[in-house]
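In the numbering used here, the protein residues as written are 3 to 344.
We put the CB at the ideal spot given by N, CA and C, even for glycine.
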């Protein structure tokens with residue numbers, strides 16, 4: 003399942019390609035993709051067609067595209083090096099906010115692929131959305147500050163399942179297509195009003211996260227620390243991969259009760275979770291197969307930097323002890339029995 007870094011990579015791609023675009027047509031190709039939508043697929047189509055994409059936000063593993071009146075312009079997205087200065091997570095609106103949002107969860111294998119109309123061809127396409135997006139901003143002049151608005155270089159990896167198509171019109175608004183591809187059909191789209199994800203806690207990359215308060219809350223739990231890290235109502239965005247990596251980096255045994263840990267050790271663990279996710283984000287995320295790609299079809303390459311996850315029998319990068327894999331709660335837990343002693 004895509005975890006926080008992978009979803010943030012997708013968010014940034016959608017923001018770069020779709021902000022300001024007006025939805026002109028929506029084609030539903032599989033009913034499961036809108037199974038949670040109140041009013042069914044027709045309600046989702048009605049809400050999207052004619053709407054403008056005002057912004058693209060994320061909390062944990064959830065994305066949402068904020069919808070505005072398609073007849074009114076919005077501010078162009080911040081891109082390039084400027085984007086690094088902006089917060090990665092936008093604050094969710096309050097419960098009294100009547101703004102509508104397209105909430106997206108990628109499930110186990112969801113992909114949000116952007117390209118010229120007809121370019122993305124997949125037997126697993128579930129929703130196809132056509133938009134008219136504004137022309138890109140002009141390139142900065144020679145007096146612009148170095149690095150600002152630099153082009154985004156896609157992560158290396160296998161190409162998306164696409165065929166050649168015409169490029170966008172650089173001088174005027176142009177048509178583009180957003181295709182939701184989901185081989186395993188666990189992902190979903192839903193248009194909601196108000197707070198898009200009220201049940202999801204803040205995540206390690208959220209600038210508003212109170213780490214000390216979160217550590218205190220974690221220490222009230224009697225469950226195993228890994229189970230607590232995976233609870234999206236406690237802290238969001240951490241899945242099996244980054245839980246194992248953070249626990250290894252902090253030298254914490256995954257099966258230790260959270261309530262038995264010291265405050266400073268939990269704070270350290272949360273810091274390691276943030277650090278490993280930042281490194282993964284810089285590498286375009288983790289791809290073990292073709293199921294996770296960015297909006298342009300490129301795979302992430304953080305898998306080559308993992309310390310323990312997926313490395314059963316290989317030497318621990320810190321001490322050389324063979325990495326152990328233990329079946330746990332329907333998943334696999336990877337750890338070093340020598341290093342992880344806390």
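Roughly how many whole angstroms lie between the Cα atoms of residue i and residue j?
i: residue 136; j: residue 116; result: 15 Å
i: residue 278; j: residue 272; result: 10 Å
i: residue 228; j: residue 197; result: 28 Å
i: residue 250; j: residue 239; result: 18 Å
i: residue 204; j: residue 15; result: 21 Å
i: residue 77; j: residue 341; result: Summary for residue 77: the model assigns pLDDT 48, below 50, so the residue's position carries little reliability; its value from the coordinates is reported in the next sentence. Spanning the two alpha carbons is a distance of roughly 49 Å.
i: residue 122; j: residue 181; result: 7 Å
i: residue 232; j: residue 175; result: 42 Å
i: residue 377; j: residue 276; result: Look at the range of the chain in this structure, 3 to 344, and you will see that residue 377 is not part of it.
i: residue 40; j: residue 285; result: 37 Å
i: residue 32; j: residue 186; result: 12 Å
i: residue 46; j: residue 190; result: 12 Å
Opposite residue i in the DSSP bridges: which residues?
i: residue 184; result: 112
i: residue 24; result: 54, 134
i: residue 42; result: In DSSP, residue 42 forms no bridge with anything.
i: residue 327; result: 336
i: residue 59; result: 66
i: residue 30; result: 129
i: residue 117; result: 179
i: residue 71; result: 53
i: residue 103; result: 68, 194
Kindly give me the distance between the Cβ atoms of residue i and residue j, rounded to whole angstroms, as I take these residues to be in contact under 8 Å.
i: residue 1; j: residue 311; result: Lying outside 3 to 344, the shown extent of the chain, residue 1 is not represented and no answer is given.
i: residue 184; j: residue 128; result: 5 Å
i: residue 199; j: residue 64; result: 5 Å
Would residue i and residue j qualify as a contact pair, given that the criterion is a beta-carbon distance under 8 Å?
i: residue 119; j: residue 132; result: yes
i: residue 323; j: residue 313; result: no
i: residue 269; j: residue 217; result: yes
i: residue 61; j: residue 243; result: no
i: residue 9; j: residue 108; result: yes
i: residue 283; j: residue 4; result: no
i: residue 221; j: residue 261; result: yes
i: residue 70; j: residue 56; result: yes
i: residue 237; j: residue 256; result: no
i: residue 28; j: residue 287; result: no
i: residue 53; j: residue 72; result: yes
i: residue 36; j: residue 179; result: no
i: residue 226; j: residue 259; result: yes
Can you find a CB in chain D that lies within less than 8 Å of the CB of residue i?
i: residue 118; result: No chain D is present in this structure, which holds just one protein chain.
Next on the checklist: For a minimum of 4 consecutive residues, which ranges assigned as the alpha helix (DSSP H) are wholly contained in the stretch 177–265?
Outcome noted: Segments of the alpha helix (DSSP H) lying fully in the stretch 177–265: 213–220, 227–231, 242–251.
Next on the checklist: Quick check for students: name the residue ranges of the beta strand (DSSP E) that lie wholly in the stretch 279–320, counting only runs of 3 or more.
Outcome noted: Counting whole runs of 3 or more residues, the stretch 279–320 contains no beta strand (DSSP E) stretch at all.
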